[in-house]
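> Got a structure for you, written out below as structure tokens; questions coming shortly.
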Amino acid sequence: MSAVTVSDLDVWFGAGADRAYAVRGVDFEVAEGESFGLVGESGSGKSTILRAIAGLVPTWSGAMTVAGETLGAKRSKAFYSKVQMVFQDPYASLHPRQTVDRVLSEAMGLHGIQDIDSRIGRLLDDVGLGPGFRFRYPHQLSGGQRQRVAIARALACDPSILLLDEPTSALDVSVQAEILNLLVDLRRAHGLTYIMVSHDLGVVGHLCERIGVMKEGRFEEVLSVEAMRRFEAQSSYTRHLLESSINSIR
Ligand SMILES: Nc1ncnc2c1ncn2[C@@H]1O[C@H](COP(=O)(O)OP(=O)(O)OP(=O)(O)O)[C@@H](O)[C@H]1O
Ligand SMILES: [Mg+2]
């Protein structure tokens, strides 16, 4: 079964004459356990696709399914126990007055998870933070550690799909690889499916099997990471994109 399908997705902002499309006629399918990348220039609609799947934009048309279930206007609690999103900026996404313990226990409480105490220990372990981090506040953590907490929060309800919006681009270059490797390990350990946005073709090459190349809200093409490495692109736009990132791809 497909983990996620998106068919003929349009997303727009504004009403009447001010209506502007951010996403136009997008189709793709992500298999269970697959990692699918979204790339393309700034403003091309990458984040909007993730937000539409996550139920964070109200104005869209087309069809989307998650684990075989058709998505409607609102997302259920059951949806969020399957699908979680990780944002670019771990500074903004964690509440400054909540300890790591509180962040994780609230996320589990929302989903009626029992046995919170021992699960927090395991979650911190899973993301490479020891028990010493449990009662820290965000300001007592490095950027990479905060992103680990944000990832732990996303995993708290044991989802099968993560929507990752540039999860490493706000981090120091030296820390980016650590977080990417963590994401690779977590996918393997938990059998996760990823849809991941990145500006960096090296990053999607490391993490994904296929990538969708976006331009002005549309898909230019979908290609495998092997094809990307061989510079086998159908469209000239994709070829230019690949050529401009030649050093990070190889
Ligand atoms: N809430 C909103 N209201 C109005 N327009 C929006 C809103 N969110 C996004 N847009 C517009 O939709 C388009 C796509 O934005 P989106 O954030 O999806 O781009 P992106 O590909 O993620 O870009 P970046 O790489 O800079 O993050 C842009 O033109 C943007 O201005
Ligand atoms: Mg974006």
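Per this note's numbering, the sequence shown starts with residue -7, numbered consecutively. The beta carbon of each residue, even a glycine, is placed where N, CA and C say it ideally should be. From a predicted model like this one, the values you see are computed outputs, not experimental measurements.
Any heavy atom of ligand 1 inside 7 Å of the beta-carbon of VAL78?
VAL78: no, Cβ never under 7 Å from ligand 1.
> Mind checking whether the beta-carbon of VAL189 lies closer than 7 Å to any heavy atom of ligand 2?
The answer is yes for VAL189.
> Measure the Cβ-Cβ separation of LEU155 and ILE241 and say whether it is below 8 Å.
Against a cut-off of 8 Å, the Cβ pair of ILE241 and LEU155 comes out as no contact.
> Below 7 Å, is the gap between the Cβ of THR230 and the nearest heavy atom of ligand 1?
No, since every heavy atom of ligand 1 falls outside the 7 Å radius drawn around the Cβ of THR230.
> Does the region 106 to 118 touch the region 159 to 167, meaning 3 or more C-beta pairs lie closer than 8 Å?
Flag = no, the region 159 to 167 and the region 106 to 118 do not touch.
> I need the DSSP call for GLY197, collapsed to helix, strand or coil.
Helix.
> Which whole-angstrom value describes the C-beta separation of PHE28 and TYR229, a residue pair presumed to lie in contact below a C-beta threshold of 8 Å?
About 19 Å; that fails the 8 Å criterion.
> Measuring only the C-alpha atoms, how far is ASP164 from ILE238?
Distance between the alpha carbons of ASP164 and ILE238: 22 Å.
> Could you give the first and the last residue of the continuous beta strand (DSSP E) run that contains THR57?
52 to 58 is the span of the beta strand (DSSP E), which, as asked, contains THR57.
> Going by the C-beta, is ASP157 closer than 7 Å to any heavy atom of ligand 2?
Checking every heavy atom of ligand 2 against the Cβ of ASP157, one is found closer than 7 Å.
> Pick out whichever of TYR83, ARG210, ALA219, GLU224 has its Cα sitting closest to the Cα of GLY35.
Nearest C-alpha to GLY35: ARG210.
> Closest to GLU21 by C-alpha separation, out of SER(-6), TYR72, GLY6, GLY8, would be which residue?
GLU21 has its Cα closest to that of SER(-6), out of SER(-6), TYR72, GLY6, GLY8.
> Mapping the DSSP letters down to three states, classify PHE125 as helix, strand or coil.
Helix.
> Measure the CB-CB distance between LEU121 and GLN137 and report whether it falls below 8 Å.
Closer than 8 Å, so yes.
> Compute every distance between the C-beta of LYS66 and the non-hydrogen atoms of ligand 1, then say whether any falls below 7 Å.
Checking every heavy atom of ligand 1 against the Cβ of LYS66, none is found closer than 7 Å.
> What distance in whole Å lies between the Cβ atoms of LEU30 and GLY204, which are believed to be in contact at a cut-off of 8 Å?
Right, their Cβ atoms sit about 5 Å apart.
> Helix, strand or coil: how does DSSP classify ILE241 here?
The answer is helix: DSSP assigns ILE241 an H, G or I state.
> Quick check on LYS261: does DSSP put it in helix, strand or coil?
This structure does not reach residue 261, given that the chain is present from -7 up to 242, and the question cannot be answered.
> Just to confirm, does ALA181 get its C-beta within under 7 Å of one of the non-hydrogen atoms of ligand 1?
Not so, every heavy atom of ligand 1 lies at least 7 Å from the Cβ.
> Buried or exposed: SER85, going by 16 or more other Cβ atoms within 10 Å of its Cβ?
Label assigned to SER85: buried.
> Buried or exposed: which applies to LEU175, given that a residue is buried once 16 or more other Cβ atoms fall within 10 Å of its Cβ?
Buried.
> Anything with a beta carbon under 5 Å from a heavy atom of ligand 1 counts; list them all in chain order.
Those residues, listed in chain order, are PHE5, ALA14, SER34, GLY35, SER36, GLY37, LYS38, SER39, THR40.
> Does the region 47 to 54 come close enough to the region 88 to 96 that 3 or more CB-CB pairs lie under 8 Å?
No, because fewer than three Cβ pairs between the region 88 to 96 and the region 47 to 54 fall closer than 8 Å, the two stretches do not touch.
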